[in-house]
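Structure record follows, encoded as structure tokens.
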Amino acid sequence: KQWYQRRVVITAGEIIEDKVYKIFRKDRSVLSHPPDKNNPKKFRKNGGGVLIAVRDDIDATSQRISLGNGAEILALEINNKGTKFVFCTCYRVGTLGSDNHESITNSLKSFYKSKRPKKVFVVGDLNLSSVTWPYDPDTPISNNTEKCFIDTFNDLGLNQLIGQTTHKKEKIPTATLR
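Per our numbering, the sequence shown starts with residue 9, numbered consecutively.
This is the structure we're talking about:
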């Protein structure tokens, strides 16, 4: 997640030194973070967005993957000596519903469409607050959208790698899926 005021222009070099890293970012917009249909005034114009930084000294080529709208999601294909990896980062405001789930799901599924599937890593804050980590399929999930996310991750063979909270005030772990 990136936290800054939209009315202030911040260059990639101000976030991370861009002489050492190649910066890819997707700032929050109405396209990446549509207002909640149930609460249209909820859209937060300030803050948000996602960023991936790739060190310049890594012997690899990186290419941004074009994804649809409806989610704060960014993905890169990294080619290291013929082996391809997809690194994806995603931020989801917990109040966004099924449209946001569908947008993220369509993006994730697009990574698996090639004849030679790549290794996929997803890192993000998905705000799945009704899910108990580590995930136990026998424990019911009260939020239907969050259950859909878990079903999607299972269908794609993605596994949660972090089982504890990564935020001081919240009890929700950052999603690191592989």
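Glycine included, each C-beta is placed from N, C-alpha and C at the ideal position. Bear in mind the structure is a predicted one, so any value in this text is a computation, not a measurement.
Own chain residues within Cβ distance below 7 Å of residue i, not counting five before or after
i	result
Ile-60	Phe-32, Leu-82, Leu-84, Phe-95 and Thr-97
Glu-110	none
Thr-143	This sequence places Tyr at residue 143; Thr is not what is there. Here the set comprises Ile-158 and Gln-168.
Best match in the options for proximity to residue i [C-alpha to C-alpha]
i	options	result
Val-28	Gly-57, Leu-39, Pro-48 and Arg-63	Arg-63
Ser-115	Leu-75, Lys-45, Leu-39 and Asp-163	Leu-75
Thr-113	Gly-165, Lys-34 and Ser-150	Gly-165
Asp-133	Phe-157, Ile-149, Asn-87 and Thr-91	Phe-157
Asn-152	Arg-124, Val-139, Lys-30 and Lys-117	Val-139
Asn-88	Glu-80, Arg-36 and Gln-71	Gln-71
Val-58	Asp-146, Val-131, Arg-124 and Lys-117	Val-131
Ser-106	Phe-119, Lys-34 and Ala-79	Ala-79
Asp-163	Lys-117, Gly-56 and Thr-91	Lys-117
Phe-119	Ile-86, Ser-137 and Thr-147	Ile-86
Extent of the continuous beta strand (DSSP E) to which residue i belongs
i	result
Asn-114	It is not in any beta strand (DSSP E) - Asn-114 instead sits in the alpha helix (DSSP H) that spans 106-118.
Tyr-29	29-34
Lys-140	In the sequence as presented, Lys is not what sits at residue 140; that position holds Thr. Careful: Thr-140 lies outside any beta strand (DSSP E) and carries neither H nor E.
Arg-63	58-63
Ser-188	With the chain represented from 9 up to 186, any question about residue 188 goes unanswered, as that position is not in the structure.
Asp-133	127-133
Chain-order list of residues whose beta-carbon lies under 6 Å from that of residue i (same chain, five-residue window excluded)
i	result
Asn-77	Leu-39
Lys-127	Phe-93
Asn-135	Arg-100 and Gly-102
Lys-155	Ile-149
Range covered by the alpha helix (DSSP H) that runs through residue i
i	result
Ile-158	152-163
Cutoff 8 Å; reference residue i; Cβ partners in own chain excluding five residues on either side
i	result
Asn-47	Thr-103
Lys-45	Gly-105 and Asp-107
Arg-124	Lys-92
* To do: State whether the segment 66-75 contacts the segment 98-106, with contact taken as three or more CB pairs (one from each stretch) at a distance under 8 Å.
  => no
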